[in-house]
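Peer 1: In case it helps, mature numbering (1 follows the signal peptide of the UniProt record, and there is no 0) puts the sequence shown at residues -29 to -1, 1 to 181.
Positions of the beta carbon are idealized from the N, C-alpha and C atoms, including for glycine.
Would you mind keeping the following structure in view while I ask a few things?
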Amino acid sequence: MIMGVKKSSLTLVSFSCLLLTLFLITVNAKLGIDDETSYSYVVGAKDGPENWGNLNPSWRLCGTGKTQSPINIVDCEVNFTQSLADLNRKYHPTKVVLKNKGHEIQVVWEEGEAGGIIINGDEFKLLQCHWHIPAEHTVNGFRSNMELHIVHVNNRGDIAVVGILYELGPADPFLAKLLPYLPLATQQGYPLKRSINPSNQVSRQRILQI
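Below you can see the structure in the form of structure tokens.
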């Protein structure tokens, strides 16, 4: 993920999008997508990985679950869901809030204002996106330089996350527009006065639905 960005030491790196994948995750409707519960990646800390399941009732599976992130997508083991229709995107340019969560940078849209995606007739509204550096998931054991997660939710609380993998290359237009403002991001949120078009995240990409 883009770790807590220091205002004095942001380095501009060019990335190009490599692959787009779609993960559908069913969760309890009461789960907060932008949960403010404090956690860290420090092993042995009170809020570290081994204690995540005890930090929030909605996170119990972090302590008891048998299948945890990251996921290694292996070509020969992928089962395509034939009933899953093409991803229908209907995004709208709108203003955003930049949040520095300490362990990641989030771009937060007002729910419903930026449109969303439609999967088999079910509408998922765009909420936020964030980055992982290096990529959280792997493909055939290969970990990309960076991964973008675009988070959506429907009216039942089910989550649809679109993940985009990056490799080093020409600047990604969406990321290039945001980079000058990332040092301004705060934990409470920095309102960006310019509109950001979510469609720029997923243009010109090869789509693999899993």
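Using a 10 Å radius around the Cβ and a threshold of 16 neighbouring Cβ atoms, would you call Val49 buried or exposed?
Peer 2: Within the sequence shown, residue 49 is the residue found at index 78, counting from 1. The residue is exposed, with fewer than 16 neighbouring Cβ atoms inside 10 Å.
Peer 1: Measuring alpha carbon to alpha carbon, tell me which of Asn59, Glu84, Met117 and Gly86 ends up nearest Asp75.
Peer 2: In the sequence shown, the residue the question calls residue 75 occupies position 104. The sequence shown places Glu at residue 75, not Asp. Residue Met117 is the option with its Cα nearest to Glu75.
Peer 1: Specify, as a first and last residue, the run of the alpha helix (DSSP H) that Pro144 falls within.
Peer 2: What you label residue 144 is simply residue 173 of the sequence shown in a count that begins at 1. Segment Pro144 to Leu149, the alpha helix (DSSP H) holding Pro144.
Peer 1: Excluding the 5 residues flanking Ala(-1) on each side, which residues of the same chain have their C-beta closer than 7 Å to its C-beta?
Peer 2: Here residue -1 corresponds to residue number 29 of the sequence shown, with the count starting at 1. Because Ala(-1) sits at a pLDDT of 36, beneath the cut-off of 50, its placement in the model cannot be relied upon, and the following sentence gives the value as read from the coordinates. So the list reads Arg127 and Gly128, once near-sequence residues are dropped.
Peer 1: Among Ile89, Thr109, Glu94 and Val68, whose alpha-carbon lies nearest the alpha-carbon of Ile44?
Peer 2: Along the sequence shown, one-based indexing puts residue 44 at 73. Taking only the C-alpha atoms, the option nearest Ile44 is Thr109.
Peer 1: Go ahead and pull the three-state DSSP assignment for Gly140.
Peer 2: Here residue 140 refers to the residue found at position 169 when the sequence shown is read from its first residue. Gly140 falls in the coil class under three-state DSSP.
Peer 1: With C-beta atoms as the reference, is Leu153 less than 7 Å away from Tyr161?
Peer 2: Counted from its first residue, the sequence shown places residue 153 at position 182. Counted from its first residue, the sequence shown places residue 161 at position 190. Not a contact, by the Cβ cut-off of 7 Å.
Peer 1: Can you give, in chain order, each stretch of the alpha helix (DSSP H) that sits fully within the stretch 11 to 38 and has at least 4 residues?
Peer 2: Fully enclosed alpha helix (DSSP H) runs of 4 or longer: 23 to 26 and 32 to 35.
Peer 1: Between Ala106 and Leu97, is the Cβ-Cβ spacing less than 7 Å?
Peer 2: Position 135 of the sequence shown, counted from the start, is the residue given in the question as residue 106. Position 126 of the sequence shown, counted from the start, is the residue given in the question as residue 97. Their beta carbons are not under 7 Å apart, which means Ala106 does not touch Leu97 by this criterion.
Peer 1: Report back the beta-carbon spacing between Asp18 and Ser29 to the nearest angstrom; my notes put them in contact at under 8 Å.
Peer 2: In the sequence shown, the residue the question calls residue 18 occupies position 47. In the sequence shown, the residue the question calls residue 29 occupies position 58. Actually they are not in contact, since the Cβ atoms of Asp18 and Ser29 sit about 15 Å apart, beyond 8 Å.
Peer 1: Using only the alpha-carbon positions, how far apart do Leu58 and Ile89 sit?
Peer 2: Start at 1 with the first residue of the sequence shown, and residue 58 comes out as number 87. Start at 1 with the first residue of the sequence shown, and residue 89 comes out as number 118. Those two C-alpha atoms are separated by around 6 Å.
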